[in-house]
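Here is the structure we will look at.
Residue numbers (this note's numbering): 2 to 814.
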């Protein structure tokens, strides 16, 4: 037979470590010391204390375990003390472990001491465990606590027969037609027992023993392996002696009935078979699992065991209020035929190890795809596969992300051993996409106190996006019109239905042949919507259009509409052929974000409001226009031609040009303020250029797709300016705002002016030493031509620069 390698710990069965609890020091150990077969941590700590996961002597551990643990509460250890754990055993065997010196006084400190069982087993018998303290100023040791325990060598179990040396033991086998065998050996009328498998492991077929009593002898060949030979011989025994180990007899537990007040009861049918020896065996079955107890020869209610001799009885057992006393009542029934048939009886058995065990199935709930507004239910089960009552104390995690309970039991609730509780979860998505969450089931299951159920689901839903969310029609002459378009996108996974538009026509805004509502947009598809602005008066117009659809969470999406009606304001031409565009009043973000390529400081982003519209020249002032006013051409690049921007002029010379022009035209021209220039340059955009971001991030004088389309710079200029209006204008019809020549503005320069400048109609500092130029030129790289780029120019210089020119504005009446 192959041994079952287990060590049973406890006084009521064979002892591996038995702690007598004898105290011979002045301090009680109770509550300050625990002996454990397993601890939650081996690291010492102050709070919270380390816990015994398994304690001696109540549980069984594998025989190959190398350590036991002692959990010690070192109370009142003073600063500088050294604590020592000491074990002293038979024959002067001694083992000790010092703890670290304490750096400060400790009211309580929990240490874990490992007991090397392999060393202690070299000297079986009574050992004394002591922990004491030594102080630097006092060589005498001060004992804190002491207790005794007994160390026994590991015992070998052969199908329930325990042996610690290689000897022969005789026992008796009684078999039943069901094939199970009960092995009985007695010592002074105390019964020892075991159940054998239907097939004995040395090859003896249990059927060979059917309906016969046999005397078997087991020979233990090796005390460490415990293999045994079974041979049939002899007749039924009267009694046999089991070997004593360290003065301890092999004895049954309390009357063979196990009771623990913390465990719940279970009803089980059982059967009584008695023998002439006077002992009784109770054999019960529950789902084909055998349960058995041994009764004392004299029952506690006075019934002599001999009264049961050769008879079968149904017994009912009840336990006293303390759970430690048992009474027995007899209900005689007809003798049972076929020995192992089960008689019906109510027996409440409370095992000493009645522990619950939680089993949650399934551990994942996948709801698949559910349409928004609809619901789907799925269920998981909480089963108690243990022997004690399972208490579910709480659920953690729901409701969340559309997942919720459907009429759940209210925690705390209990689940009996072998029973289960169904839990239903409902998924009602309120938005599109995949949803995942975790539900935690918290219980008193010692192995799994919290179990998580992963819950997931998704929904196919439409998702509406409108781009752009606002349409600015700019300036439109009254009784004419301008068209602009926004696009409705379906970025969801189900069909989008646009049910209606609300808000138009209004204030001169109307649709241009819109699709008839309701209409559908498939996932990933779009529908353009064109709006027309036809102003009937010279004023600023604003309104909104609301797009209603079946997109969840978005009953309607708003598109803002704005435009300005004016009279003779679209294009303005003066007598010199200068062309101007009307720039309407408005609010914009001036400056650049710190992450924009080329941002060099002094470009702090801030809101600016311009309350007055103005006309801005569509191009830079040309050499021809300068000559028409001033009579000469100061340009360095005069060979470029009359259509090229004038350059190499100073700021003071520009002021003279404007003064002469105002006299000629009898009008009011000036340089734009820095805020007006950037507002007109951006033309409603917020990117580095009016047509997009910088695309060249490495070598800045190489090809940049966006800048190349709108401006002349170091990559494409060939080191010279070019005739105006040869590149694409911005959205407000202004040319060369990026590159060709930099442009003077009216403001003085101050590096941190943006931090305190007025929000409304800023005009720059009141004085200074430098003027500002904007826009970049033919000699600058891509980063120097940004909408927010600022350059400072020293006004005291009498001469201009070959890369600086200007354009002018005319105030709107």
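We put the CB at the ideal spot given by N, CA and C, even for glycine.
Got a sec? Which residues, its chain only, sit under 8 Å from residue i by beta carbon, not counting five neighbours each side?
i: residue 800; result: 649 and 651
i: residue 804; result: 648, 722, 742, 743, 778, 779, 780 and 781
i: residue 85; result: 97, 98, 99, 100, 132, 133, 134, 135 and 142
i: residue 506; result: 512
i: residue 626; result: 577, 578, 579 and 647
When you compare the CB positions of residue i and residue j, do they come within less than 8 Å of one another, or not?
i: residue 363; j: residue 446; result: no
i: residue 477; j: residue 549; result: no
i: residue 544; j: residue 508; result: yes
i: residue 692; j: residue 681; result: no
i: residue 396; j: residue 366; result: no
i: residue 540; j: residue 690; result: no
i: residue 524; j: residue 495; result: yes
i: residue 579; j: residue 676; result: no
i: residue 493; j: residue 464; result: yes
i: residue 553; j: residue 431; result: yes
i: residue 775; j: residue 791; result: yes
i: residue 433; j: residue 489; result: no
i: residue 380; j: residue 415; result: no
i: residue 714; j: residue 641; result: no
i: residue 736; j: residue 619; result: yes
i: residue 760; j: residue 542; result: no
i: residue 763; j: residue 749; result: no
Assuming residue i is part of the beta strand (DSSP E), what are its boundary residues?
i: residue 455; result: 451 to 460
i: residue 793; result: 791 to 795
i: residue 86; result: 83 to 89
i: residue 407; result: Neither: residue 407 is in no beta strand (DSSP E) and is coded neither H nor E.
i: residue 775; result: 771 to 775
i: residue 616; result: 615 to 618
i: residue 365; result: 365 to 370
i: residue 384; result: 377 to 385
i: residue 391; result: 391 to 397
i: residue 643; result: Note, residue 643: premise wrong, no beta strand (DSSP E); not H, not E.
i: residue 359; result: 359 to 362
i: residue 817; result: Since the displayed the chain opens at 2 and closes at 814, residue 817 lies outside it and no answer follows.
i: residue 723; result: That residue, residue 723, is in no beta strand (DSSP E); it is neither H nor E in DSSP.
i: residue 416; result: 414 to 416
Locate the alpha helix (DSSP H) running through residue i, then write down its first and last residues.
i: residue 660; result: 652 to 666
i: residue 749; result: Looking at the DSSP string, residue 749 is not in any alpha helix (DSSP H); the run it does join, the beta strand (DSSP E), is 743 to 749.
i: residue 628; result: 624 to 631
Quick one: what's got a C-beta closer than 7 Å to residue i's C-beta in the same chain, skipping five residues either side?
i: residue 623; result: 643, 644, 645, 646, 647 and 725
i: residue 225; result: The predicted model places residue 225 with a pLDDT of 34, which falls under 50 and marks its position as unreliable; any figure quoted below should be read in that light. Around residue 225: no qualifying Cβ.
i: residue 120; result: 96
i: residue 501; result: 518 and 549
i: residue 605; result: 592, 755 and 756
Please report the distance separating the alpha-carbon of residue i from that of residue j.
i: residue 822; j: residue 734; result: This structure cannot settle anything about residue 822, because the visible part of the chain is limited to 2 through 814.
i: residue 551; j: residue 451; result: 41 Å
i: residue 194; j: residue 382; result: Low confidence applies to residue 194: its pLDDT is 36, below 50, so where it sits in the model is not reliable, and the reading given next is rough at best. Residue 194 and residue 382: Cα-Cα distance of roughly 39 Å.
i: residue 73; j: residue 112; result: 5 Å
i: residue 717; j: residue 596; result: 26 Å
i: residue 384; j: residue 391; result: 9 Å
i: residue 473; j: residue 678; result: 19 Å
i: residue 684; j: residue 629; result: 30 Å
i: residue 636; j: residue 806; result: 10 Å
i: residue 727; j: residue 695; result: 21 Å
i: residue 116; j: residue 449; result: 28 Å
i: residue 813; j: residue 614; result: 6 Å
i: residue 443; j: residue 413; result: 10 Å
i: residue 784; j: residue 599; result: 5 Å
i: residue 466; j: residue 602; result: 36 Å
i: residue 751; j: residue 564; result: 34 Å
i: residue 666; j: residue 522; result: 56 Å
Looking only at its chain, what residues have a beta carbon closer than 6 Å to the beta carbon of residue i, apart from the 5 residues adjacent to it on each side?
i: residue 486; result: 529 and 531
i: residue 427; result: 376, 378, 405 and 407
i: residue 370; result: 459 and 461
i: residue 453; result: 439 and 441
I'd like to know whether the C-beta of residue i is nearer than 8 Å to at least one C-beta of chain D.
i: residue 546; result: Of the chains in the structure shown, none is chain D; there is only one protein chain.
Taking 7 Å as the cut-off, is the CB of residue i close to at least one heavy atom of the ligand ZN?
i: residue 566; result: The ligand ZN is absent from the structure shown, which contains no ligands of any kind.
message: As an exercise, report each continuous alpha helix (DSSP H) stretch of at least 4 residues that is fully enclosed by the segment 674 to 712, in chain order.
response: 675 to 683 and 706 to 711
Those runs of the beta strand (DSSP E) which lie wholly inside the segment 510 to 591 and span at least 3 residues: 510 to 512, 520 to 522, 527 to 534, 541 to 550, 557 to 567, 572 to 574, 580 to 584 and 587 to 591
query: In chain order, which continuous runs of the beta strand (DSSP E) of length 3 or greater are located wholly inside the segment 426 to 496?
result: 434 to 444, 451 to 460, 465 to 468, 471 to 478 and 483 to 491
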